[in-house]
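*Asks:* The structure is given below, and queries will be raised subsequently.
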Amino acid sequence: MDIFGLSATHLHHTIPREVYNPRSGKPAMLPEHLVNDPDIKGRAGNPNRWSIPADEHIALHKRNRVGGDYNKRWAEELQKLEIKMPDKSKWTKDDILNIRDKLTKEFGIDKYKPKCKK
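Its first residue numbered 1428, the sequence shown is counted upward by one per residue in my numbering.
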């Protein structure tokens, strides 16, 4: 439920777990210096999981299992970044957060970004 108890919500990983901590046994898509960064995994003031309506969350992930269209777009954006910057050790937290900003806008969930104190 949302904070008013009116509709079901889910916590959506705006940077998918499979990007920084895959459960499949595959390597992370991010370089080692970024996988445990608090701004990538989420922290107070910059959470990675945003509360969004359950139906929208399901729609983001229902197609193209595993992860759906949202996760597929993450993989595409990371491939573009790798073409632009093949040396992943030069990737920055801002590169990844910029992808998050782009994709949350593309999928229309940027309106759910938590208002956090800095």
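Where a beta carbon is used, it is the ideal one built from N, C-alpha and C, also for glycine.
Span of the beta strand (DSSP E) holding T1436?
*Replies:* Within the sequence shown, the letter at position 9 stands for residue 1436. Note, T1436: beta strand (DSSP E), T1436 to H1440.
*Asks:* If you check the beta carbons only, do W1557 and P1541 fall under 8 angstroms apart?
*Replies:* Missing from the structure shown is residue 1557; the chain here goes from 1428 to 1545 and no further.
*Asks:* With W1518 as the anchor, note down where its alpha helix (DSSP H) starts and where it stops.
*Replies:* One-based indexing of the sequence shown puts residue 1518 at position 91. Unbroken run through W1518: none, as it is neither H nor E.
*Asks:* In the DSSP assignment, what are the bridge partners of R1450?
*Replies:* Along the sequence shown, one-based indexing puts residue 1450 at 23. R1450 pairs with nothing; no bridge assigned.
*Asks:* Taking 8 angstroms as the cut-off, decide whether the C-beta atoms of H1439 and I1479 are in contact.
*Replies:* Walking along the sequence shown from the start, residue 1439 turns up at place 12. Walking along the sequence shown from the start, residue 1479 turns up at place 52. Cβ distance < 8 angstroms, so H1439 and I1479 count as in contact.
*Asks:* Report the option in G1472, E1483 and K1517 whose CA atom is closest to the CA atom of A1435.
*Replies:* As a first step, residue 1435 is located in the sequence shown; it is residue number 8 there, counting from the start. Checked all of G1472, E1483 and K1517; the closest Cα to A1435 is E1483.
*Asks:* What did DSSP end up calling I1479 once you bin it into helix, strand or coil?
*Replies:* If you number the sequence shown from 1, residue 1479 lands on position 52. In the structure shown, I1479 sits in a strand (DSSP, three-state: E or B).
*Asks:* How far does the alpha helix (DSSP H) with P1443 in it extend, from its first residue to its last?
*Replies:* Numbered from 1 along the sequence shown, position 16 holds the residue referred to as residue 1443. Unbroken run through P1443: none, as it is neither H nor E.
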